[in-house]
Structure formats: C-alpha cells, structure tokens
Ligand SMILES: C[S@@+](CC[C@H](N)C(=O)[O-])C[C@H]1O[C@@H](n2cnc3c(N)ncnc32)[C@H](O)[C@@H]1O
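In the working numbering, the protein residues as written are 549 to 954.
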C-alpha cells in the first residue's frame, strides 16, 4: 500500500484518541516501517505548529485534504526530501484517492514554500505553537515549575533518550562500557547510568538478546537508587502494575526475592514474560486488578511497587501523542485511580513493610499532592524519601516516593 495512505491512516487513528505506539506497531511488517514511524512520530511532535500553518493556508476546510496537507507541510518544513518530490508524490497520491482535488494540494504546498520563513517566525508568538503543547499543560507546568518550565517545554521537543540497564548477574558496568567502546557506540554516563548518544536498533545493542542488558530510560532506573540509598531489605515483593516488566526485571536482577507481578491488562502480561525469559528470571504473573483483592492469596508483602497508571506527562518526548490526546480532565481521573490502587494495596503491605509509589508524570497532582492525600487517609503512613527526575535530553521525567507502614 502507498506509504502516504498508511501514514494518514495512522494519523487519523491517533487524532481520534488511539495510542501512537500501539497503532504504529500494527504496521511493523511494512517495508517502509522506519519511514512511516519517523513521519508519524515527528508530525505529532510538531502537531500544533503544523496545524497552525494548515489552517492559515487551507482557508476552505476539507477533511479529505487536511491530513495530506499536514504531511506535505511536515515534509517540506522538517525533512531533507526535495520539495519537487514531496509535491509530486502528494499530488499523485491525491489524484488516486480524491481525483479532482490535486490542484488544491499543489497550490497550498507551493504557498507554504513561499511563506515558510514568515510562518515559522509566527510560531514565536505562542508557547503552544513553539513547543507544541496544549494551553492547559503549559499553564500547569508554568505554575508548578516557574523558572524551570521553559527547559521542560524545550525537552519535550527532543528525540527520546536511549537508556541501557545492566544486568549485574551477567556483566559489570565497566565490562559493558568496554564492549560499547569496542563497537564504536558513543555513550554518556549520568549518575552511574548509561545513555546511548544516538538511538540504534535493538538488534545492534551488544549482548541484548543474551540478556546482559535491557533498554530502559535512566529515569526509570532510579528505583534502585531509592532502595539502596535507604538500605531497604525485602523478601516478598508485589509489583502491582507490572507490564511491560521493566522494573519487575530490574528488581529481580538486583535483589534475591520472590516477586509477584500483577497486571490488569491480559495482553500486556505476555510482555512481562518475554522480558523475564530473555533475562532468565522468574516471577509469579497474575492477571488482576490492583484496585481489588480478588486475586490475592492473603499473604502480605514486605515490599510493594505501585508504579501506577498516570498521565505519562514526563514521557512526552517518547510518547508525543500525549500532547494532542491528553485532556486536563484526564488528570483527575488518573488521580482517582491512583488513590484507589494505593488504598487497596495498603492492606496487603505488612507492618514495617515498604511501598514505592511512582509515576512517569511530573504533575504535582499525581505526585506530591497524592502523597499528602495518602498521609491523611492511610493509617501508619510514613513518607521516608522522594526522588523527582525532570525530563531532559538524557531522560524522561519520573517521580518516586518511598513510604513505610508503621
Ligand atoms: C506505568 S505502567 C507500569 C510500567 C512497569 N512498572 C515497568 O516498569 O515496565 C502501568 C501499568 O499498570 C497497568 N494497570 C493499570 N491499571 C491497573 C490496575 N488497576 N491494576 C493493575 N495494573 C494496572 C497498566 O496496564 C500498565 O501496564
């Protein structure tokens, strides 16, 4: 099928609320999958700017043409493909799909080329256009982060960072860094964690298939810092919102314990098993809901990880569709489910047991405000430590709270 047809299919689904990563993944067997992925992700990353240009140039609305123009503007503005080739290909595509309308595509895209510099200049008047974020999120981040807000907005426009997690059961960090150097793969070390400077395909990551390393954003690796810094010991662990199992495996690679991995979404359970198999680890997997106890055998846990569902605002670099699908009202809905999950899990935690509450959101509502709410509503709740990582070129944004019962 024509690549443009696939790209427009994906964009339509994402704009109506589907998850970009899941939708793009459905096309992974297409010959031009890398190109399709790159265009859709980047177009969504720059969506509000491209929408602004489109609305200025396509004065008479036409839903059939709208996305074709957006793809054309994206390519003309942000790719190296020659202008004549972009226009030819899109005119041809339109002729096949909506014969009679190709003249409009030709005219609008040529107008964009002529006005491009002035239009791009206009983006500076508005953060929404410059950083491609919805107004409600800009306001919230400005209120909560003051002088740090601008760096956060800028970080959201960067490509996703590429963290590597070492499996200490198989290799030391020094040995693995030597391996990277020998293979000419540039890396940076941030707080003792490895970031590959330029994204590479999974197949090219040395020793990945043999389970020596995993791909994990370095922000997600701070779980270990929190546990080690506070010298937390445990034997019987519940990972309550476990898929795809990044932190499940991280715990099992580093600590001797029995671990139960709970996940509400049955289809995502297999992702945990795949990761466990690759790393030669084992856990008890349960398909169940952390807001109830139907799945629980009655034995308490001395450590619970509540890596709760959240708005994922800290991962916008990686999941740019959040910019266009997330609504302000969603934050309240996430807060409600987060409270429901932790309240239910609290009964499963033994006295003197520890819980790590974590989100990949940077919004106070889902983090510090929730911790205050827990403090007031759960008995024997004691906040021991917190780590917040703000999104940057090297990592996503994440929040962790270490809590003790008793
Ligand atoms: C932030 S992700 C967890 C990431 C995981 N801890 C890791 O490090 O790979 C949240 C997970 O919680 C699951 N989830 C959402 N609601 C849940 C619930 N009520 N009970 C259990 N799991 C839930 C989601 O399907 C999703 O897989």
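No residue lacks a Cβ here, since even glycine has one placed at the ideal position from N, Cα and C.
Predicted model, so just to flag it, every value in this text is computed and none were measured.
Inter-residue Cα distance where the pair is residue i and residue j
i	j	result
residue 592	residue 787	32 angstroms
residue 571	residue 562	8 angstroms
residue 693	residue 925	27 angstroms
residue 552	residue 618	11 angstroms
residue 696	residue 886	26 angstroms
residue 678	residue 686	11 angstroms
residue 1007	residue 633	This structure cannot speak to residue 1007, because the chain is shown only from 549 to 954.
residue 624	residue 576	25 angstroms
residue 817	residue 670	47 angstroms
residue 890	residue 813	18 angstroms
residue 803	residue 827	14 angstroms
residue 892	residue 645	53 angstroms
residue 790	residue 815	12 angstroms
residue 847	residue 838	15 angstroms
residue 823	residue 942	24 angstroms
residue 649	residue 621	17 angstroms
residue 586	residue 641	19 angstroms
residue 884	residue 718	41 angstroms
residue 894	residue 767	25 angstroms
residue 643	residue 840	55 angstroms
residue 948	residue 579	41 angstroms
residue 868	residue 594	9 angstroms
residue 797	residue 569	22 angstroms
residue 675	residue 794	34 angstroms
residue 728	residue 664	42 angstroms
residue 842	residue 882	22 angstroms
residue 819	residue 857	17 angstroms
residue 946	residue 915	10 angstroms
residue 732	residue 756	16 angstroms
residue 673	residue 888	42 angstroms
Nearest candidate by alpha-carbon position, reference residue i, set the options
i	options	result
residue 734	741, 745, 726	745
residue 783	773, 849, 625	849
residue 871	550, 554, 567	567
residue 940	625, 700, 596	700
residue 807	815, 833, 828	833
residue 709	913, 865, 898, 892	865
residue 711	622, 769, 882, 729	769
residue 590	706, 855, 637	706
residue 944	743, 556, 560, 951	743
residue 760	811, 825, 785, 740	825
residue 950	919, 927, 680, 942	919
residue 928	913, 897, 732, 651	897
residue 748	947, 582, 569, 556	582
residue 741	753, 729, 764	764
residue 739	799, 953, 877, 721	721
residue 713	704, 703, 725	725
residue 556	799, 616, 598, 805	616
residue 638	627, 651, 750	651
residue 730	876, 754, 736, 750	754
residue 661	630, 752, 923, 952	630
residue 938	800, 922, 689, 598	689
Residue i CB to nearest heavy atom of ligand 1 below 6 angstroms
i	result
residue 839	yes
residue 791	yes
residue 811	yes
residue 855	yes
residue 819	no
residue 795	yes
residue 816	yes
* For the segment 901-921 and the segment 858-868, state whether three or more C-beta atom pairs, one from each stretch, are separated by less than 8 angstroms. => yes
* Asked: Would you call the segment 842-856 and the segment 890-905 in contact, with 3 or more CB pairs under 8 angstroms?
  -> yes
* Three-pair Cβ contact test at 8 angstroms for the segment 930-944 versus the segment 760-774 -> yes
* May I ask you to verify whether the segment 655-672 touches the segment 600-609, counting CB pairs closer than 8 angstroms and requiring at least 3? => yes
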